[in-house]
Structures are given as structure tokens and as C-alpha cells.
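Peer 1: For the protein sequence lines, the chains are E and L, in the order given. For the first sequence, the numbering used here gives the first residue as 975, with consecutive numbering after it. For the second sequence, the numbering used here gives the first residue as 975, with consecutive numbering after it.
Number of protein chains: 2
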Amino acid sequence: MKLPETSEWVLHSVAVIAQLPAGSTVSGAQLAEHFGVPGPYLSKQLAKLVRAGILTGSTGPRGGFRLAREPEQLSILELIGAVDGAADPYVCRELRQQGRGAARPEDCTRPCALAAVMRRAHDAWRESLSGVTVAQIVAGLPAEVLEKNRRLLLQSAR
Amino acid sequence: MKLPETSEWVLHSVAVIAQLPAGSTVSGAQLAEHFGVPGPYLSKQLAKLVRAGILTGSTGPRGGFRLAREPEQLSILELIGAVDGAADPYVCRELRQQGRGAARPEDCTRPCALAAVMRRAHDAWRESLSGVTVAQIVAGLPAEVLEKNRRLLLQSAR
């Protein structure tokens, strides 16, 4: 069970944009340099965040990104969902209705008990992530980190 | 984020063995036929359950499997863990310490706040799965299902 490596990029990109004064934009190139990651690959992730309504902006050479909503309105679950990471990792293929031991359809009117257990665990995971906002993450960062990130990203702005 | 397809096989295999009278054994071939899945591939999963101390038995042509512990002592988390499905899906590569924006080591004495959020969600997932035992799954099955599974698997026993 693995989330894409780019999950970390996405979480940090949104968190760092949320540290800038409201309305500030940063380019994909700035973010790539800030994190030391490949620009074209990061741009693809940023485009997913735009499609998911988390960022606004464009991916062109003069493009810039900003938050599409207040950081208080952005949960970590939404960010993970934007990179296709929030789907239930367990897939029930109704094994109980296959093979020699196949249960009769009339004994399968309720969801498979094992699938239900897996689903409840996934719901607990989602609930945990949906309870944390980007604003809460930023609020917990050391003042030195905030100051440095603002200085670096606003200085290098076009 | 995906669990292996064989997670479903493993959960159902252990659940069906737990439905048999204590001490009964079933072969990998019986289970493969019961579920209509490829025998050699299922055998690999059963071997993992043996290595994890969930089943005892052997994988040979005359091999048989039984529970290594009481079903009250077997959590769903352990079964998923046996097929390498219980590791944290989020990997923190300390992105905050990379690139032009790298935070100073002295500002990173606490775990990354984003990694901590992901870890808490995974802990919630684990806690949910560890709270359900194989015995509870079996106790919730319709009597007709239990009776049928016992009849099929004990009849065909060597």
C-alpha cells in the first residue's frame, strides 16, 4: 500500500503557498527550485491541484499559482485526493460469490463483512485527514521557517 | 493507494478456516477450488500467513492448514500485515530539508507536521483494523453460509 511519492510534493507545495501573503502567486519553477524537485514533474502535480479546485493559476512559463480557497477551507484529505491517493485501497471482488463455495445471492444481500471492516478503516483514515486544514499546518510552523519561505519565494517572484 | 488483490483471498481464506471445527485442516487446493482462484498463487499467500504465525501447515501436496491461534486472537490488521499491506502508505523524504528552501536542521527537530498528520491517519486505520477479530467476522455470518462452507470443506478433506 503506497501513496505516490508526489504526495509529499503536493502537500508541501500547498503548505508553502499558504504561507505567503493572501493573493501572492508563485510559479512552478520557483516551487521546483524551492524543493529541489524536477520542474516538469512537479508541474503535472500542480495541474492536478488546479483541476481539483485547490489552486488557481496556469502552468505556462509566466504562470503563477495561488490558493483557490482560504487555507482554513482546505483539508489534507482534499490534497491527497487531488493526486488520486484517497480511494479505498481495498477492492472487494465478491470472492464470497465465486468458486465452488460461492454463497447464494440471497445470502449476500448485506455487504461482505470483511469488505465492511476494510471500508470502516478507510473511513477512519479519511476522517483523520479531513479534520486537518492547511491553515492548521501553517499555524504550527516555526516563525523562522515562515519568514524564510516568504523571503525566498517573494524575493524571487517575477 | 492500493492493497494487493490477494488481500481479499487472505482475509477470506482465514475466515473460512476459522469456520471449521477447531483443529480441522484444509489444503491449499481445497481453498483454491472453494474460491475459484489459481492454486499456486493462493499457496504463496498461505505461505505468508504461515510465516506470520497466523496459520500452521505445509504447502506440499498433502499439506493442510489450520489456525495457529484462536480466532479471537487474530485481528484483521494482522492478516493484512501478513501480505505486506499494513505499512504506512505515506513516505516522508524530508522534503522540507531539500532544495533552495531547505529548512535548517535546528528548525527540524520535531517531525514534519505534514508527515505527522499522515501518520496519525494511518494509525487510525490500523487501530480500526486491529479492533476486529476473525472470530467477530465468523460470528456475524448467516448460519446457512457457515453450514455450507463446513459441509463443502470437510466433505472434500483428505
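Even glycine gets a Cβ: it sits at the ideal position worked out from N, Cα and C.
Apply the 10 Å Cβ neighbour rule to Tyr-1064(L) and answer buried if 16 or more other Cβ atoms are within range, or exposed otherwise.
Peer 2: As a working mapping, residue 1064(L) is identified with position 90 in the second sequence. Under this definition Tyr-1064(L) is a buried residue.
Peer 1: Bridge partners of Val-1000(L), per DSSP?
Peer 2: Translated into positions along the second sequence, residue 1000(L) becomes position 26. The partner list for Val-1000(L) (beta bridge, DSSP) reads Phe-1039(L).
Peer 1: Taking contact to mean at least 3 C-beta pairs separated by less than 8 angstroms, is the region 1066-1075 of chain E in contact with the region 1110-1125 of chain E?
Peer 2: Not touching, per the Cβ criterion.
Peer 1: Go ahead and label Gly-1059(E) buried or exposed: buried means 16 or more other beta carbons lie within 10 angstroms of its beta carbon, across all protein chains shown.
Peer 2: Against the first sequence, residue 1059(E) aligns to sequence position 85. By the 10 Å Cβ count, Gly-1059(E) comes out buried.
Peer 1: Check distances from the C-beta atoms of the region 1006-1017 of chain E to those of chain L and list, in chain order, the residues that come in under 9 angstroms.
Peer 2: Ala-1006, Glu-1007, His-1008, Phe-1009, Gly-1010 and Val-1011
Peer 1: Between Leu-969(E) and Ser-1104(E), which are expected to be in contact by the criterion C-beta below 8 angstroms, what is the C-beta distance as a whole number of angstroms?
Peer 2: Any question about residue 969(E) goes unanswered here, given that chain E covers just 975 to 1132.
Peer 1: Comparing alpha-carbon positions, which option in Ala-1089(L), Glu-1080(L) and Gln-1110(L) lies nearest Ala-1117(E)?
Peer 2: For the purposes of this step, residue 1117(E) is taken as residue 143 along the first sequence, with counting starting at 1. Looking at the Cα atoms, Glu-1080(L) is the closest of the given residues.
Peer 1: Please state whether DSSP places Arg-1132(L) in a helix, a strand or coil.
Peer 2: As a working mapping, residue 1132(L) is identified with position 158 in the second sequence. In this prediction, Arg-1132(L) has a pLDDT of 47, which is less than 50 and means its spatial position is unreliable; what the coordinates show is noted afterwards. Reduced to three states, the DSSP call for Arg-1132(L) is coil.
Peer 1: Which value, in whole angstroms, describes the spacing of the CA atoms of Val-1024(L) and Thr-1030(L)?
Peer 2: Within the second sequence, residue 1024(L) is the residue found at index 50, counting from 1. Within the second sequence, residue 1030(L) is the residue found at index 56, counting from 1. Distance between the alpha carbons of Val-1024(L) and Thr-1030(L) is about 5 angstroms.
Peer 1: Which of the residues in the region 1024-1057 of chain L, read from start to end, lie with their CB under 7 angstroms from any CB of chain E?
Peer 2: Ile-1050
Peer 1: Indicate whether at least one CB of chain E lies closer than 8 angstroms to the CB of Ala-989(L).
Peer 2: In the second sequence, the residue the question calls residue 989(L) occupies position 15. So yes, Ala-989(L) belongs to the interface.
Peer 1: If the cut-off is 8 angstroms on Cβ atoms, which residues from the region 1103-1122 of chain L count as contacting chain E, listed in chain order?
Peer 2: Leu-1103, Val-1106, Ile-1111, Gly-1114, Leu-1115, Pro-1116, Glu-1118, Val-1119 and Lys-1122
Peer 1: For chain E, is any of its Cβ atoms less than 8 angstroms away from the one on Leu-1020(L)?
Peer 2: As a position in the second sequence, residue 1020(L) is number 46, starting the count at 1. Look at Leu-1020(L): its C-beta is not under 8 angstroms from any C-beta on chain E.
Peer 1: Mind listing which residues of the region 1075-1093 of chain E have their C-beta closer than 7 angstroms to chain L's C-betas, in chain order?
Peer 2: Listed in sequence order: Gly-1075, Ala-1077, Asp-1081, Ala-1087, Leu-1088 and Val-1091.
Peer 1: Does DSSP put Leu-1029(E) in a helix, in a strand, or in coil?
Peer 2: For the purposes of this step, residue 1029(E) is identified with residue 55 of the first sequence, where counting begins at 1. Reduced to three states, the DSSP call for Leu-1029(E) is strand.
Peer 1: Whole angstroms is fine: what's the gap from Ala-1087(L)'s alpha carbon to Ile-1028(L)'s?
Peer 2: Within the second sequence, numbered from 1, the residue matching residue 1087(L) stands at position 113. Within the second sequence, numbered from 1, the residue matching residue 1028(L) stands at position 54. Each residue's alpha carbon lies about 36 angstroms from the other.
Peer 1: How would you list, in chain order, the residues of chain E whose beta-carbon sits under 9 angstroms from the beta-carbon of Arg-1124(L)?
Peer 2: Within the second sequence, the letter at position 150 stands for residue 1124(L). The contacting residues do not exist; Arg-1124(L) stays about 10 angstroms from chain E at best.
Peer 1: Can you check whether the C-beta of Gln-1072(E) is within less than 8 angstroms of a C-beta belonging to chain L?
Peer 2: Residue numbering aside, residue 1072(E) sits at position 98 when the first sequence is read from its first letter. Yes, contact with chain L.
Peer 1: Check for me: the alpha helix (DSSP H) holding Gln-1110(E) runs from which residue to which?
Peer 2: Taking the first residue of the first sequence as 1, we reach residue 1110(E) at position 136. Counting along the chain, the alpha helix (DSSP H) containing Gln-1110(E) begins and ends at 1108-1113.
Peer 1: Any beta carbon of chain E sitting closer than 8 angstroms to that of Leu-994(L)?
Peer 2: Along the second sequence, one-based indexing puts residue 994(L) at 20. Not closer than 8 angstroms to any Cβ of chain E, the Cβ of Leu-994(L) fails to qualify, so no.
Peer 1: Measure the beta-carbon distance from Trp-983(L) to His-1096(E) and round it to whole angstroms, keeping in mind my assumption that it falls under 8 angstroms.
Peer 2: Looking up residue 983(L) in the second sequence gives position 9. Looking up residue 1096(E) in the first sequence gives position 122. The Cβ separation is near 19 angstroms, so there is no contact.
Peer 1: Among Pro-978(L), Ala-1042(L) and Leu-1005(L), whose alpha-carbon lies nearest the alpha-carbon of Ala-996(L)?
Peer 2: As a position in the second sequence, residue 996(L) is number 22, starting the count at 1. Residue Ala-1042(L) is the option with its Cα nearest to Ala-996(L).
Peer 1: Less than 6 angstroms between C-beta atoms, sequence neighbours within five positions excluded: which residues of the same chain meet that for Arg-1132(L)?
Peer 2: Start at 1 with the first residue of the second sequence, and residue 1132(L) comes out as number 158. Residue placement at Arg-1132(L) is poorly supported in this model, since its pLDDT is 47, which falls under 50; the coordinates are not used for a value here.
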